[in-house]
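Residue numbers for the first sequence, in this note's numbering: 506 to 787.
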Amino acid sequence: MPELPEVETICRALRNGGRDAPAILNWQIEKAEVFWPKTLAEPDKQEFLQQVAGQSVLNVQRRAKFIVIQLTDDFLVVHLRMSGDLRVEPNTKDLQKHDHLVIWFQNGFHMAFNDPRKFGRVWFRKDVEGLFARLGPEPLELQSSENFFNCLLQRRRQLKPLLMDQNFLAGMGNIYTDEALHIAGLHPLMNSSDLTQKEAQKLLYAIQDVLSTGIQRNGASIDWFYRGGSFQNEFRVYGRSGQPCPICGTFIEKIVVGQRGTHYCPVCQPTSRSSQTTEKKG
DNA sequence: CTGGCTCCCTGAATGC
DNA sequence: TGCATTCAGGGAGCCA
């Protein structure tokens, strides 16, 4: 579920209101509860509960896959990891299984952090700089592919793990990386230092294309998680192993790269770099 | 710097 | 067919 477009969608819903929940801006916190201690990365539970009460929500923004909720005196930062979700509901609705941290507002609503796999984390801090210090650039904010190209050359890594490395580029996950590599016509195992400048440009465009389309579609909804997005209907390769490539009809293949399931078209994304590949006619 | 393991739980897939 | 077991899954910190 939560890669950059899904997190962006959640942030916009919290800031501007979503289809099933109002915006939380200016809401004042009555109290908080923590049911699974490890959810709270920092500070310790007692300090958090004491400090967060009474603060109001000033703004909600996204950085990489982090949800940054600016409160009166502190930042509440949420990372959903694999299976996390945030629900804003009136207090007439019951809490659910796997709700690990709940913010109760003065106005009769609450925000629940739900996460079956318990990988997600919440930080409560005075600043966010320390938390984000090592993050790579926002892919949608990259203007020129020249710098991107140089960075790819400097790192001699397999393309897919590199693109998913948050310290290289911040926000890509498994789904959007597979999709972007297919659009760019690049094999996930290709070494980043073997890219031509033209391929690097194509890759950056593909990344920005797939992310902005994902945001337009309110993200992708998979299985029972993250209702509301529709980008899953436009997947070219992700989750489509054995089905035909939308470009050439070849069956999509699935391999494991860096412990992650990886989907690609063996024809559109050739392993070896034959210099005159698909560049002929489009 | 890189690759592998680990944190957890769930539903689907597999095995007998 | 039915029950039990295994495995894969949106992520990333930590370790060697």
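Note that CB positions come from ideal geometry on N, CA and C, so glycine has one too. Quantities reported herein were computed from a predicted structural model and do not represent experimental measurements.
- About 5 angstroms separates the CB atoms of I720 and P510; that is less than 8 angstroms, so the two are in contact.
- Taking the Cα of F629 as reference, the smallest distance to any Cα among Q575, E646, R661 is reached at Q575.
- Distance between R661 and F553, taken at the CA atoms: about 42 angstroms.
- Partner residues in the beta bridge of F580, as assigned by DSSP, are Q575, R630.
- Residue range 562-568 is occupied by the beta strand (DSSP E) that includes Q566, with no alpha helix (DSSP H) assigned at that position.
- Secondary structure of K550 (DSSP, three-state): helix.
- If you look at R765, you'll find it in the beta strand (DSSP E) that goes 765-769.
- For Q663, the beta-bridge partners assigned by DSSP are N696.
- With contacts defined as CB atoms closer than 8 angstroms, P644 and L716 qualify as a contacting pair.
- Apart from the 5 residues on each side of it in sequence, P542 sits with its Cβ closer than 8 angstroms to the Cβ of K550 in its chain, given in chain order.
- Counting only residues of its own chain and dropping the five nearest sequence neighbours on each side, T514 has a CB closer than 6 angstroms to the CB of N723, G724.
- If you check the CB distance, V557 and I572 do not come in under 8 angstroms.
- For the options H603, A546, T597, R520, the alpha carbon positioned closest to that of G589 is the one of H603.
- Going by beta carbons, Q737 and S726 fall inside the 8 angstroms limit.
- According to the DSSP assignment, H687 belongs to the alpha helix (DSSP H) that extends over 679-689.
- Collapsing the DSSP output to three states places L645 in a helix.
- Around the C-beta of S649, fewer than 16 other C-beta atoms lie within 10 Å, and the residue is accordingly described as exposed.
- Per DSSP, L509 is one residue of the alpha helix (DSSP H) stretching across 509-521.
- The Cβ atoms of L664 and L647 do not sit closer than 8 angstroms to each other.
- Residue burial is scored here from C-beta neighbours: Q560 has at least 16 other C-beta atoms within 10 angstroms and is therefore classed as buried.
- Between the region 691-706 and the region 516-523 there are fewer than three C-beta pairs closer than 8 angstroms, too few to call the two in contact.
- CA-CA distance, Y769 to A685, rounds to 10 angstroms.
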